[in-house]
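Chains as they are written, first to last, in this note's numbering: chain E, 1 to 274; chain G, 275 to 548.
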């Protein structure tokens with residue numbers, strides 16, 4: 001993958017779109033954050049079981065840019081030293097991981113600054129598997145969210161809204177990145193920018209989550225969803241696992257985001273309780 | 275700190291102690307694991323609030339060996355690239371973190387292999403602040419655990435048993451490591467090997483946790499608690515924070531252990547719900 005090309009494309013996209021979205025997003029964001037002052041119960045009822053929403057991380061876990069992003073070096077070995085210990089070298093945005101606002105802003109919240117109340121939240125799962133089966137570039141649209149609301153009622157107070165595209169099943173295969181015939185364009189589902197916009201206008205939504213490598217769908221030339229969502233002060237979750245084991249409504253997500261000072265995100269252990 | 279000295283000391287200690295403990299621990303461990311087959315409720319009741327048991331991680335977070343164990347290198351910057359991204363280099367055993375059985379065994383469970391049922395568990399907090407105030411080398415003994423049982427009833431099924439020594443308050447100061455007048459010996463509280471032994475003999479206990487840098491107290495020459503506890507198939511938690519905000523009994527710990535294939539442990543995000 002060409003980092004420079006991606007970056008230039010993002011810059012161009014941002015110049016054209018940023019002014020369009022800037023005012024409305026800032027206003028909607030402030031209103032949404034103000035609306036979250038009312039307390040919500042941590043759990044509506046005692047959860048009976050937990051699911052693991054985390055993929056195992058290994059050295060060749062697929063990455064957005066294509067290169068290896070996790071390396072483990074053994075520093076002590078049981079045979080020689082009586083204990084085992086590794087040192088890791090890892091990009092923050094590897095495996096099942098968080099995007100903090102700081103990832104796409106100059107001075108947004110770091111991953112350590114995400115409030116604990118944003119990390120333990122009701123989970124709303126938007127199931128787009130049917131259309132993702134037909135089109136790997138499928139996107140969550142405002143209509144998909146509206147259909148969820150029609151079926152399940154309003155989005156819960158303080159929700160994390162997740163896309164279930166079925167892509168989690170492909171994590172150990174080439175299809176997770178799904179490089180196109182041009183040898184570079186990725187093809188996997190993500191949020192449409194209008195869905196991000198729609199959710200920014202909902203009071204109290206804390207995060208969006210995807211079971212793919214990016215909040216934006218694979219062919220996005222400009223990270224427009226990242227550039228829309230993260231500057232609103234919310235966070236994202238990428239490469240989440242096992243959403244298909246959960247109900248569309250009723251689970252509570254517990255996001256074990258790494259508490260790294262100044263981090264723009266990082267690998268997370270994520271559970272859901274039902 | 276002299277790694278080699280520590281290692282040699284451990285080797286000597288293991289040679290003398292391993293045979294003594296080996297048979298009884300293996301037997302007790304097998305019995306305990308067999309006894310966990312009965313299901314327990316994930317939560318006895320709906321939790322109303324959550325506490326963060328995780329210290330923020332920064333480059334100079336204090337370490338057992340004394341050297342820096344976390345480094346962050348900026349690979350992309352918002353100003354230049356329109357997004358921020360760091361690569362981390364980190365020892366597995368840094369910050370609030372897990373010790374998996376593999377840390378002190380040839381082939382024990384890795385951190386990715388810890389069952390989710392072991393990571394969401396009732397928390398029993400043994401408060402030894404009074405004696406740790408007087409003696410930084412204080413240890414949790416079987417008597418301390420027995421006193422907890424007398425006051426609170428049996429240890430809960432599948433418990434994580436944590437030492438509250440008050441050391442969490444010292445994390446940003448020299449007192450967290452508390453190097454002695456000899457310039458090398460550390461002085462902070464930990465579990466006594468007899469307490470580890472006592473807990474191995476209890477059915478179903480999953481883990482021990484400390485608010486200090488090591489399951490063993492600072493002056494331990496031989497990691498005897500590590501060498502007793504981890505080979506029994508259980509895990510440990512080190513440098514846990516904010517135990518003083520929780521009741522001795524009644525909280526549920528949620529351990530966001532990193533799901534790294536083959537990892538001997540790793541930085542974790544840990545919550546408790548009450």
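For every residue, glycine included, the Cβ atom is placed at its ideal position computed from N, Cα and C.
Open item on the list: At the level of alpha carbons, what is the spacing between residue 104 of chain E and residue 228 of chain E?
Closed with: 9 angstroms
Task: Reduced DSSP category for residue 111 of chain E - H, G, I as helix; E, B as strand; rest coil - done: helix
Open item on the list: So if DSSP puts residue 438 of chain G in a beta bridge, which residue, or which two residues, is it bridged to?
Closed with: G:401
Open item on the list: Using the Cβ count rule (16 or more neighbours within 10 Å means buried), how would you classify residue 469 of chain G?
Closed with: buried
TODO: Report the option in E:269, E:166, E:182 and E:193 whose CA atom is closest to the CA atom of residue 125 of chain E.
DONE: E:166
Task: Opposing strand residues paired with residue 179 of chain E [DSSP bridges] - done: E:186
Open item on the list: Tell me which residue opens and which closes the beta strand (DSSP E) that residue 205 of chain E is part of.
Closed with: Unbroken run through residue 205 of chain E: none, as it is neither H nor E.
TODO: Indicate whether residue 317 of chain G and residue 247 of chain E have their beta-carbon atoms separated by less than 9 angstroms.
DONE: no
Task: Per-residue burial, residue 68 of chain E [other beta carbons within 10 Å of its own, 16 or more giving buried] - done: exposed
Open item on the list: For residue 214 of chain E, count the other beta carbons within 10 Å of its own beta carbon; 16 or more makes it buried, fewer makes it exposed. Which is it?
Closed with: buried
Open item on the list: Contact criterion: CB-CB distance below 9 angstroms. Does residue 437 of chain G meet it with respect to chain E?
Closed with: no
Open item on the list: In the DSSP assignment, the alpha helix (DSSP H) including residue 50 of chain E goes from what residue to what residue?
Closed with: Residue 50 of chain E -> not in any alpha helix (DSSP H); beta strand (DSSP E) instead, spanning 50–52.
- [ ] Have a look at residue 88 of chain E and residue 238 of chain E and give me their C-alpha separation to the nearest angstrom.
- [x] 20 angstroms
Open item on the list: Relative to the C-alpha of residue 403 of chain G, which candidate in G:365, G:496, G:370 and G:484 has its C-alpha closest?
Closed with: G:484
Task: C-alpha distance - residue 111 of chain E paired with residue 143 of chain E, whole-angstrom precision - done: 31 angstroms
- [ ] Starting from the C-beta of residue 373 of chain G, find all residues in its chain whose C-beta is less than 8 angstroms away, skip the five residues before and the five after it, and write them out in chain order.
- [x] 367, 489, 500, 504, 509, 510, 511, 512, 538 and 539
Open item on the list: Can you pull out the residues from the region 234–268 of chain E whose beta carbon lies closer than 9 angstroms to at least one beta carbon of chain G?
Closed with: 254, 255, 256, 257, 258, 259, 260, 261, 262, 263, 264, 265, 266, 267 and 268
Open item on the list: For the region 438–456 of chain G against the region 528–538 of chain G, do three or more pairs of beta-carbon atoms, one drawn from each stretch, fall closer than 8 angstroms, so that the two count as touching?
Closed with: no
Open item on the list: Against chain E, does residue 396 of chain G count as a neighbour if the rule is that its beta carbon must be under 9 angstroms from one of theirs?
Closed with: no
- [ ] For my contact list, residue 413 of chain G and residue 336 of chain G are in at a C-beta cut-off of 8 angstroms; report their separation, rounded to the angstrom.
- [x] About 20 angstroms separates the two Cβ atoms, so there is no contact after all.
Task: Range of the contiguous alpha helix (DSSP H) that encloses residue 420 of chain G - done: 416–426
Open item on the list: Is there a Cβ of chain G sitting closer than 9 angstroms to that of residue 208 of chain E, yes or no?
Closed with: no
Open item on the list: Quick check on the burial criterion: 16 or more other C-beta atoms within 10 angstroms. Buried or exposed for residue 315 of chain G?
Closed with: exposed
- [ ] Report all residues from its chain with a CB closer than 8 angstroms to the CB of residue 220 of chain E; omit the five preceding and five following residues, and keep chain order.
- [x] 190 and 214
Task: Boundaries (first-last residue) of the beta strand (DSSP E) holding residue 223 of chain E - done: Looking at the DSSP string, residue 223 of chain E is not in any beta strand (DSSP E), and its letter there is neither H nor E.
TODO: Could you tell me how far apart the beta carbons of residue 365 of chain G and residue 85 of chain E are, in whole angstroms, since I believe they sit closer than 8 angstroms?
DONE: 7 angstroms
Open item on the list: Assuming residue 528 of chain G is part of the beta strand (DSSP E), what are its boundary residues?
Closed with: 525–530
TODO: Determine the closest residue to residue 323 of chain G out of E:186, E:250, E:121 and E:208, with distance taken between C-alpha atoms.
DONE: E:121
Open item on the list: Whole angstroms are fine: how far does the CA of residue 182 of chain E sit from the CA of residue 253 of chain G?
Closed with: In the structure as shown, chain G starts at 275 and stops at 548, and residue 253 of chain G therefore has no counterpart that could be examined.
Task: Interface residues of the region 314–326 of chain G facing chain E [CB-CB below 9 angstroms] - done: 315, 316, 317, 318, 319, 320, 321, 322, 323, 324, 325 and 326
Open item on the list: If the cut-off is 7 angstroms on Cβ atoms, which residues from the region 367–388 of chain G count as contacting chain E, listed in chain order?
Closed with: 367, 376, 377, 378, 379, 380 and 386
Task: Contacts of residue 87 of chain E in chain G (Cβ-Cβ under 9 angstroms) - done: 343, 363, 364, 365 and 366
Task: Outcome for residue 423 of chain G when other beta-carbon atoms lying within 10 angstroms are tallied against a minimum of 16 - done: exposed
Open item on the list: Helix, strand or coil for residue 57 of chain E? Go by DSSP, reduced to three states.
Closed with: strand
Open item on the list: Quick check on residue 115 of chain E: buried or exposed, where buried means 16 or more other Cβ atoms within 10 Å of its Cβ?
Closed with: exposed
TODO: Step through the CB atoms of chain B and report whether any lies within less than 9 angstroms of the CB of residue 164 of chain E.
DONE: In the structure shown, chain B cannot be found, because the protein chains are E and G.
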